[in-house]
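>
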Amino acid sequence: MKLKTVLAAPLITAMLFNSLPSFASDTSSAFTPEQEKRIGEIAADYMRAHPDILIQMSESLQQEQQEKQARGLKTAALAQQARIMADKRIPSWGAEGGSVMVVEFFDYQCIWCSRLAPELEKVMKANTNVRYYFMEWPVFGSRWPESLLAAKTGLQVWKEKGEEAYLKYHNGIYSSGLNEGKLTQDAIGKYSENMKFSKNTIDEINSTLTDINDIATTIGLTGTPGIVIMPVKGATEDNTTVFAGMTEAENIQQAINKAQGK
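For the working numbering, count along the sequence shown from 1 and bump the result up by 539.
What follows is the structure, given as structure tokens:
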């Protein structure tokens, strides 16, 4: 509490100044140094007598920051919508003419992505009129080489075998429970049915990963998982949702409903 008091004191003082009439903005003419000192003392006395206000202020400030961040993520995601939809190199599954799109950014070695996978599966079974986009984003590739290998393999499966084979591979990797450094080349080979890379496609795969990384960072995501949900047409900040982190099927469903105008 002492630390919070010290941190909040300047803010309380500023609030007192701001609550005074507009002429008080020119403190050099409105108050003498002695009066300014006394105002500071009043603020300090008030904080000591009402320590609960520090918690309220902290919670209010945190909420404002979260709302600001959420608005920024939505605005950036809206700007990337057309780019995502137009890029046929990005794996997708579901209704071609779906009115809502769900975009997932993930890494196969990410434990939270692994926990999100079954939640997303529930949503996909319940919402077959939605188009799902799978953004292979191997953020742990520098730590675990299999992270990058799994992402590249997924893109190769998508390119050569299409959406059903890709979804089978994607869900298979997560169902293995191998994450946080446990994923192996053997497991990747098993779920991809020993997919081999082609010299003709490796450059395209690397380029796709680069572009996905650019989309993710442009949106403002700082890690996996990340989910963007918005209507295909008429998307706005009000009907778009961005989850920067783990969430549950119920929350995703609510976001889909919002995107559908329900």
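Note that the Cβ used here is the ideal one computed from N, Cα and C, for glycine as well.
1. Quick one: Cα of Asp742 to Cα of Ile629, how far?
2. Where does Val484 sit, in a helix, a strand or coil, going by DSSP?
3. State the DSSP-derived secondary structure class of Asn790, mapped to helix, strand or coil.
4. Could you give the residue range of the beta strand (DSSP E) that holds Tyr672?
5. Less than 8 Å between C-beta atoms, sequence neighbours within five positions excluded: which residues of the same chain meet that for Pro657?
6. Which residues in the same chain have their Cβ closer than 7 Å to the Cβ of Asn752, if we skip the five residues on either side of it in sequence?
7. Near Gly762, which residues of its chain fall below 7 Å by C-beta distance, leaving aside the five closest residues on each side in sequence?
8. Using the Cα positions of Gln799 and Gln793, report the straight-line distance between them to the nearest angstrom.
9. Three Cβ pairs or more, each shorter than 8 Å: is that satisfied between the stretch 655-671 and the stretch 718-734?
10. Hey, out of Gly759, Glu573, Ile594, Asn745, whose CA is closest to Leu612's CA?
11. So, Asp646 versus Ser681, is the Cβ gap smaller than 8 Å?
12. Tell me the start and end of each unbroken alpha helix (DSSP H) in the stretch 640-717 that is at least 4 residues and wholly inside, in chain order.
13. Looking only at its own chain, which residues have a Cβ that is under 7 Å from the Cβ of Thr757, when we skip the five neighbours before and after it?
14. Using only the alpha-carbon positions, how far apart do Glu787 and Ser746 sit?
15. What's the gap between the Cα of Arg610 and the Cα of Val767?
16. Which stretch, first to last residue, makes up the alpha helix (DSSP H) that contains Thr756?
17. Could you compute how far the alpha carbon of Leu555 sits from the alpha carbon of Ala755?
18. Leaving out five residues before and five after Thr566 in sequence, what residues of the same chain have Cβ atoms less than 6 Å from its Cβ?
19. Between Lys707 and Gln595, what straight-line distance do the alpha-carbon atoms span, to the nearest angstrom?
Based on what the coordinates show:
1. 15 Å
2. Past the edges of the chain, shown from 540 to 801, lies residue 484, and the structure says nothing about it.
3. helix
4. 669-675
5. Tyr713
6. Trp676
7. Val678
8. 10 Å
9. no
10. Gly759
11. no
12. 650-665, 684-700, 702-714
13. Ala615, Gln619
14. 31 Å
15. 13 Å
16. 741-758
17. Caution is warranted here: a pLDDT of 46 is assigned to Leu555, below 50, making its placement in the model unreliable, and no coordinate value can be reported.
18. Unreliable placement is indicated for Thr566, whose pLDDT of 46 sits below 50; the coordinate value is still reported in the next sentence. Once the five neighbours on either side are set aside, Thr566 has no close Cβ partner at all.
19. 48 Å
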